[in-house]
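As structure tokens, the structure follows; a few thoughts come after it.
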Amino acid sequence: MSTTLIVGTEKGAFLCRSKDRAKWTVEGPLFKGWKVTASARAPSGRYLVATTSYVYGAAIHASKDLREWEQIEQGPAYPKAEGNAPVIPGVAVGPGFEPKMNQLWTLVTAGKRVYAGADTAGLFTSDDDGDSWKPVPALNDHETRPNWFPGAGGLCLHSILVHGNRIWIGISAVGVWRSDDGGKTWAPKNQGVRHIIEDEKFKEIGFCVHGLAADPKSPDTIYRQDHAGFYISRNGGESWEAAEEGLPEGSVGMPGNKKRASFGFPVAADPHTQSLFIFPLESDEYRIPIEGKFRVYRSRDGGKKWEGLGEGLPAGPTYSSVLRGAMAVDGQKPCGVYVGTTSGQVFASADAGDTWRGLPCTLPRILHVAAYADK
Amino acid sequence: MAKVTIELPSMLSSVLGGVRRFEARGDTWPAALEDAFEKLPGLRVHVYDESGALRRHVLCFVNDVNTRFEDGPGPRLEDGDRITIMQAVSGG
């Protein structure tokens, strides 16, 4: 089995390859100078990579072999909003709001469809292997949208889970939404989660989901790394309960926060077991590893109990972090787990997190890690 | 219509098949860019935003003239004119 990581950074993408998940080579950069924010394999097996630049905007590129790339000409785009004023710099909502395609946060393939989540927040789908895209208006134009407010990372739709016609999406500072009819209608699913910004008009928004993962065996079990903590839903998102036993204690930070350091961004689930992986940080106020200890946390039992993993991870004081898109699993047995850091290091585990090794590179700030295994 | 040369910066060229310079036709720079987008369709999304205006940090020069400082489509193009797309590199 060969393993390839696509590592997206602030200044391009890098390919890390290994035949044994022990020795790694590093190639790149691809898309030099571009932010590389997401990747996926399309239904045909070709690779899709999302890039953006504050100058030149967002696009998707496709490749069959990771060597020759072609930009998709009809990438995700918002319909031109007639009569709307341009976005006011720094204010992405309110009168005159016009959705702009700033960045693609995630690409997800499910069956023959590819989904893209965007900043400003929106969902797009492709039914032709990523060649053309259309918006999902029932979500993108939802009546609550004028009151969607951007979080620190922008107004972004960053997480997508799909099971048949049921779709869950996560938007920072807005919340989790679910569709049961393939995207025709949407309902917020945040009961049991603490509000972050309570909206005066729409009480069902103002929840700050950071990441979602699906349980591999039970389609109704969803894991949620939220601004307000780590949560599990066992009924498809109808209600959520905190699942934080074993997480470290950290500074409370902002008023109302919990004592456990359950703030974080990425969450990944091993597709063959009940193992989950997260990277807790010290409160929303600080957003750094607790006491400088760089630790991935693992639950082997679907979130009931957590344990810190550090063997092979930096031993000394380490204050770099792991961003939302920078954690991946490879689906092999045992599960490979990968994290990229804000200081450009990549750490890999070939034994479901028991031990780790650093890959031979120091890259720009890492935004995205995806793992692809091939025979 | 005037025959002009479109010049692209390396970051754009690198994702558009390596094209740095190509010929386009038009009597004004917006018209010439429309022809350029026909020839190189992936270029439009990087140059214009959703409203159809130049992206905030993209500059378009006609020869040595920054079109941002022009009212309207600017002077009529002539054969041999050069339209250069570049990013506003404004300090560190």
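Protein chains in written order, with this note's numbering: chain F, 163 to 537; chain Z, 8 to 99. Beta carbons are placed, not taken as given, at the ideal position from N, Cα and C, and that holds for glycine.
Which residue marks the beginning of the beta strand (DSSP E) containing residue i, and which one marks its end?
i, result
"Z:GLU45", "Taken as a continuous stretch (DSSP letters only), Z:GLU45 belongs to no beta strand (DSSP E), being part of the alpha helix (DSSP H) at 36-46."
"F:LEU177", "174-180"
"Z:SER58", "No beta strand (DSSP E) holds Z:SER58; DSSP gives it neither H nor E."
"F:LEU521", "Where F:LEU521 is concerned, there is no enclosing beta strand (DSSP E), given that its DSSP letter is neither H nor E."
"Z:MET93", "89-94"
"Z:CYS67", "65-69"
"F:HIS357", "Unbroken run through F:HIS357: none, as it is neither H nor E."
"F:TRP330", "328-333"
"F:ARG340", "337-341"
"Z:PHE76", "No beta strand (DSSP E) holds Z:PHE76; DSSP gives it neither H nor E."
"F:LEU485", "That residue, F:LEU485, is in no beta strand (DSSP E); it is neither H nor E in DSSP."
"F:THR190", "Reading the sequence as shown, one finds Gly at residue 190 of chain F and not Thr. First-last of the beta strand (DSSP E) with F:GLY190: 187-192."
"F:ALA434", "According to the sequence as given, residue 434 of chain F is His; it is not Ala. It is not in any beta strand (DSSP E) - F:HIS434 carries neither H nor E in the DSSP assignment."
"F:SER321", "319-325"
Per the DSSP calculation, residue i is bridged to which residue(s)?
i, result
"F:HIS223", "F:VAL211, F:GLN233"
"F:GLN387", "F:GLY373, F:PHE392"
"F:LYS197", "F:THR214"
"F:GLN265", "F:ASP281"
"Z:LYS100", "The structure shown does not extend to residue 100 of chain Z, since chain Z is modelled only from 8 to 99, so the question has no answer here."
"F:VAL499", "F:VAL491, F:SER511"
"F:ILE528", "F:THR171"
"F:VAL458", "F:LEU471"
"F:PRO350", "F:TRP339"
Chain Z partners of residue i, CB-CB under 8 angstroms?
i, result
"F:HIS223", "VAL22"
Should residue i be flagged as near chain F, meaning a C-beta pair shorter than 8 angstroms?
i, result
"Z:ARG62", "yes"
"Z:ASP42", "no"
"Z:VAL65", "yes"
Should residue i be listed as close to the ligand SAH, given that the test is whether its C-beta is under 7 angstroms from any heavy atom?
i, result
"F:ILE358", "In terms of ligand content, the structure shown is empty, and the ligand SAH therefore cannot be addressed."
What residues of chain F sit near residue i, judged by a beta carbon separation below 7 angstroms?
i, result
"Z:GLU14", "In chain order: nothing, as chain F lies at least about 15 angstroms away."
"Z:MET8", "Simply none; closest approach about 24 angstroms."
Is the Cβ of residue i closer than 8 angstroms to any Cβ of chain Z?
i, result
"F:LYS262", "yes"
"F:VAL198", "no"
"F:ARG235", "Reading off the sequence, residue 235 of chain F comes out as Glu, not Arg. Yes - at least one Cβ of chain Z is within 8 angstroms of the one on F:GLU235."
"F:LYS242", "yes"
"F:GLY252", "Below a pLDDT of 50, predicted positions are generally treated as unreliable, and F:GLY252, at 36, falls in that range; no measurement from the model is reported."
Report the neighbours of residue i on chain F: residues whose CB is nearer than 8 angstroms to its CB, in chain order.
i, result
"Z:PRO80", "Correct list: empty, because the minimum Cβ distance to chain F is about 20 angstroms."
"Z:THR48", "The residue asked about is misnamed: residue 48 of chain Z is Pro in this sequence, not Thr. Within chain F, the residues near Z:PRO48 are GLU235."
"Z:GLU57", "ALA239, TYR240, LYS242, ALA243, GLU260, PRO261, LYS262, MET263"
Along chain Z, in chain order, which residues have C-beta atoms closer than 7 angstroms to that of residue i?
i, result
"F:LYS194", "SER21"
In terms of residues, what are the limits of the alpha helix (DSSP H) holding residue i?
i, result
"F:ASP281", "Segment 275-281 is the beta strand (DSSP E) holding F:ASP281; no alpha helix (DSSP H) there."
"F:ALA300", "299-302"
"F:GLU447", "445-448"
"Z:SER7", "The structure shown does not extend to residue 7 of chain Z, since chain Z is modelled only from 8 through 99, so no value can be given for it."
Please list the partners that residue i has in chain F, where partner means a Cβ-to-Cβ separation under 9 angstroms.
i, result
"Z:VAL52", "TYR218, GLY219, ALA220, ALA221, GLN233, GLU235, GLY237, ALA239, MET263"
Counting only Cβ pairs nearer than 7 angstroms, list the residues of chain C close to residue i.
i, result
"Z:VAL26", "Looking for chain C here will not work: the only protein chains present are F and Z."
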